Amino acid sequence: MSAASTGPAVSRPLLMAQQHADQFTPRFLAYLPENLHVYDAFEREAMRIVRRGFEHYSARTIIEVLRHNSALAERGGPWKLNDWHTPYLARLFALLNPAFAGLFEFRITKAVGRGRAAAANDPSMEGGAA
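Using the numbering used here, you'd call the opening residue of the sequence shown number 9 and step up by one each time.
Next up, the structure:
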């Protein structure tokens, strides 16, 4: 056993999501640590799409391909792959792969938008809306 052991390493996707937590829902941030394998598969499929020459693509299509053409499944949920997390997987991909950030089109999601609106209207929350 090494005396220099610093504990378990935090994965790059998890670290990036934590650093940009304002772009994700608390539900997604709780989901990600147990489901990094889902993000990894999403990223692999997105990179295959990029290599095929696509400049724009649908994150939902990637999830549908993974859902129907693989044995990939989430941990801790009732669904094989829950599509609630699709927009956040795409955002995480864009953060981790800035050269391909334009692959997906982004909108403010309802859940994140509600959180920002609540923060903007709550004077006790410093900084207001992002």
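No residue lacks a Cβ here, since even glycine has one placed at the ideal position from N, Cα and C. Here the structure is a predicted model, which means the values were calculated and not measured.
Delimiting residues of the alpha helix (DSSP H) encompassing residue i
{"i": "residue 60", "result": "Careful: residue 60 lies outside any alpha helix (DSSP H) and carries neither H nor E."}
{"i": "residue 97", "result": "94-104"}
{"i": "residue 25", "result": "20-27"}
Distance between residue j and residue i (C-alpha atoms, nearest Å)
{"i": "residue 21", "j": "residue 33", "result": "15 Å"}
{"i": "residue 69", "j": "residue 75", "result": "10 Å"}
{"i": "residue 17", "j": "residue 66", "result": "32 Å"}
{"i": "residue 5", "j": "residue 36", "result": "This structure gives no information on residue 5, because the portion of the chain shown stretches from 9 to 138."}
{"i": "residue 38", "j": "residue 102", "result": "20 Å"}
{"i": "residue 40", "j": "residue 100", "result": "10 Å"}
{"i": "residue 136", "j": "residue 30", "result": "At residue 136, the pLDDT of 39 sits below 50, so the modelled position is not reliable; the number obtained from the coordinates is stated separately. C-alpha separation (whole angstroms): 12 Å."}
{"i": "residue 108", "j": "residue 79", "result": "27 Å"}
{"i": "residue 73", "j": "residue 96", "result": "17 Å"}
{"i": "residue 110", "j": "residue 60", "result": "15 Å"}
{"i": "residue 115", "j": "residue 105", "result": "18 Å"}
{"i": "residue 90", "j": "residue 62", "result": "25 Å"}
{"i": "residue 132", "j": "residue 49", "result": "Here the model assigns residue 132 a pLDDT of 49, short of 50, so the residue's position is not dependable, and the following value carries that caveat. Cα to Cα, the separation comes out at about 40 Å."}
CA nearest to the CA of residue i, picked from the options
{"i": "residue 71", "options": "105, 109, 57", "result": "57"}
{"i": "residue 77", "options": "53, 59, 27, 94", "result": "53"}
Expected contact under 8 Å - CB spacing of residue i and residue j to nearest Å
{"i": "residue 64", "j": "residue 113", "result": "7 Å"}
{"i": "residue 83", "j": "residue 42", "result": "5 Å"}
Those runs of the alpha helix (DSSP H) which lie wholly inside the segment 36-74 and span at least 4 residues: 44-59
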